[in-house]
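Here the structure is laid out as C-alpha coordinates; the discussion comes afterwards.
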Amino acid sequence: MTIGERLTQLRNKKNLTQDQMSDALNVKRARYNAWENNISKPDIDMIRKLAAYHKVTTDYLLLGEVNSDNVIPEWATSKDKRDFKKMLEEDSEIMFDGVPITEDDKEKIIRVMEAMFWDAKKKNKRKSIDK
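Take 502 as the starting number for the sequence shown in our numbering and just add one per residue.
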(Lines of atoms letter the chains of each structure in order from A and count residues from 1; the text may use other names and numbers.)
(Lines give C-alpha, C1' and ligand atoms only; values in the text may rest on other atoms or scores of the structure.)
Protein backbone atom coordinates (compact mmCIF):
# COMPACT_ATOMS: atom_id res chain seq x y z
CA MET A 1 0.00 0.00 0.00
CA THR A 2 1.32 3.47 -0.87
CA ILE A 3 1.31 6.57 1.30
CA GLY A 4 -1.48 7.95 -0.87
CA GLU A 5 -3.59 4.83 -0.31
CA ARG A 6 -2.97 5.05 3.45
CA LEU A 7 -3.99 8.73 3.45
CA THR A 8 -7.17 7.89 1.53
CA GLN A 9 -7.97 5.03 3.89
CA LEU A 10 -7.42 7.17 6.99
CA ARG A 11 -9.53 10.02 5.58
CA ASN A 12 -12.33 7.62 4.68
CA LYS A 13 -12.31 6.12 8.20
CA LYS A 14 -13.17 9.58 9.48
CA ASN A 15 -15.81 10.07 6.75
CA LEU A 16 -14.11 13.24 5.56
CA THR A 17 -13.88 14.71 2.07
CA GLN A 18 -10.65 15.88 0.51
CA ASP A 19 -11.94 19.45 0.94
CA GLN A 20 -12.41 18.89 4.66
CA MET A 21 -8.95 17.34 4.98
CA SER A 22 -7.26 20.13 3.06
CA ASP A 23 -9.05 22.70 5.25
CA ALA A 24 -7.96 20.89 8.42
CA LEU A 25 -4.35 20.83 7.19
CA ASN A 26 -4.47 24.36 5.77
CA VAL A 27 -3.40 23.27 2.28
CA LYS A 28 -5.08 23.55 -1.11
CA ARG A 29 -7.32 20.66 -2.10
CA ALA A 30 -5.27 20.08 -5.26
CA ARG A 31 -2.15 19.54 -3.15
CA TYR A 32 -3.93 17.11 -0.84
CA ASN A 33 -5.39 15.30 -3.86
CA ALA A 34 -1.88 14.96 -5.32
CA TRP A 35 -0.74 13.23 -2.11
CA GLU A 36 -3.61 10.75 -2.14
CA ASN A 37 -3.01 10.00 -5.83
CA ASN A 38 0.76 9.59 -5.35
CA ILE A 39 1.53 12.45 -7.73
CA SER A 40 3.58 14.13 -5.02
CA LYS A 41 4.45 13.44 -1.40
CA PRO A 42 3.97 15.65 1.66
CA ASP A 43 7.12 17.07 3.25
CA ILE A 44 8.30 15.79 6.63
CA ASP A 45 6.55 18.53 8.61
CA MET A 46 3.27 17.69 6.90
CA ILE A 47 3.88 13.95 7.48
CA ARG A 48 4.12 14.74 11.18
CA LYS A 49 0.96 16.86 11.05
CA LEU A 50 -0.91 14.11 9.16
CA ALA A 51 0.25 11.47 11.63
CA ALA A 52 -0.88 13.57 14.59
CA TYR A 53 -4.22 14.33 12.94
CA HIS A 54 -4.94 10.66 12.24
CA LYS A 55 -3.34 9.46 15.48
CA VAL A 56 -0.90 7.12 13.77
CA THR A 57 2.89 7.13 13.62
CA THR A 58 4.94 8.64 10.86
CA ASP A 59 6.28 5.11 10.25
CA TYR A 60 2.77 3.95 9.51
CA LEU A 61 2.21 6.76 7.00
CA LEU A 62 5.57 6.31 5.31
CA LEU A 63 6.07 2.55 5.52
CA GLY A 64 2.74 1.06 6.43
CA GLU A 65 4.12 -0.39 9.65
CA VAL A 66 1.31 -1.12 12.03
CA ASN A 67 3.30 -1.18 15.26
CA SER A 68 1.99 2.33 15.76
CA ASP A 69 1.49 4.05 19.09
CA ASN A 70 -2.19 4.44 18.34
CA VAL A 71 -3.19 1.42 16.29
CA ILE A 72 -5.07 -1.20 18.24
CA PRO A 73 -3.38 -4.60 17.87
CA GLU A 74 -5.27 -7.31 15.99
CA TRP A 75 -5.15 -9.62 18.99
CA ALA A 76 -6.98 -7.11 21.26
CA THR A 77 -10.32 -8.44 22.45
CA SER A 78 -13.45 -6.35 23.03
CA LYS A 79 -12.72 -6.48 26.76
CA ASP A 80 -9.16 -5.23 26.16
CA LYS A 81 -10.53 -2.30 24.16
CA ARG A 82 -13.09 -1.48 26.86
CA ASP A 83 -10.38 -1.64 29.55
CA PHE A 84 -8.20 0.75 27.63
CA LYS A 85 -11.03 3.18 26.88
CA LYS A 86 -12.01 3.18 30.56
CA MET A 87 -8.42 3.94 31.55
CA LEU A 88 -8.26 6.90 29.14
CA GLU A 89 -11.64 8.30 30.14
CA GLU A 90 -10.68 8.79 33.76
CA ASP A 91 -11.05 12.54 33.98
CA SER A 92 -8.31 13.82 36.22
CA GLU A 93 -6.05 16.73 35.41
CA ILE A 94 -2.49 15.75 34.55
CA MET A 95 0.13 17.89 36.21
CA PHE A 96 3.89 18.12 35.82
CA ASP A 97 5.75 19.75 38.68
CA GLY A 98 2.47 21.29 39.87
CA VAL A 99 1.61 22.82 36.48
CA PRO A 100 -1.19 21.47 34.24
CA ILE A 101 0.21 20.05 30.99
CA THR A 102 -0.82 21.31 27.55
CA GLU A 103 -3.21 19.41 25.29
CA ASP A 104 -0.30 18.58 22.93
CA ASP A 105 1.70 17.11 25.79
CA LYS A 106 -1.37 15.22 26.99
CA GLU A 107 -1.75 13.65 23.51
CA LYS A 108 1.91 12.60 23.57
CA ILE A 109 1.49 11.05 27.00
CA ILE A 110 -1.63 9.21 25.87
CA ARG A 111 0.25 7.77 22.87
CA VAL A 112 3.01 6.49 25.16
CA MET A 113 0.42 5.08 27.56
CA GLU A 114 -1.34 3.31 24.69
CA ALA A 115 1.90 1.69 23.56
CA MET A 116 2.66 0.57 27.13
CA PHE A 117 -0.90 -0.70 27.67
CA TRP A 118 -0.90 -2.84 24.52
CA ASP A 119 2.60 -4.12 25.22
CA ALA A 120 1.56 -5.20 28.73
CA LYS A 121 -1.62 -6.85 27.41
CA LYS A 122 0.41 -8.75 24.81
CA LYS A 123 2.89 -9.97 27.46
CA ASN A 124 0.03 -11.08 29.73
CA LYS A 125 -1.62 -12.99 26.88
CA ARG A 126 1.68 -14.76 26.13
CA LYS A 127 2.03 -15.75 29.80
CA SER A 128 -1.42 -17.34 29.85
CA ILE A 129 -0.70 -19.20 26.59
CA ASP A 130 2.66 -20.48 27.89
CA LYS A 131 1.05 -22.02 31.02
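Every residue gets a Cβ at the ideal spot worked out from N, C-alpha and C, and that includes glycine.
- Between the region 550-565 and the region 504-521, the count of C-beta pairs closer than 8 Å reaches three or more; the two stretches touch.
- Unbroken alpha helix (DSSP H) runs of no fewer than 4 residues, entirely contained in the region 503-570, are found at 504-514, 519-526, 530-537, 545-555, 559-564, following chain order.
- Close CB contacts of residue 622 within its chain, under the 6 Å cut and outside five residues either way in sequence, are with 581 (chain order).
- Here residue 577 is near residue 619, since their CB atoms are less than 8 Å apart.
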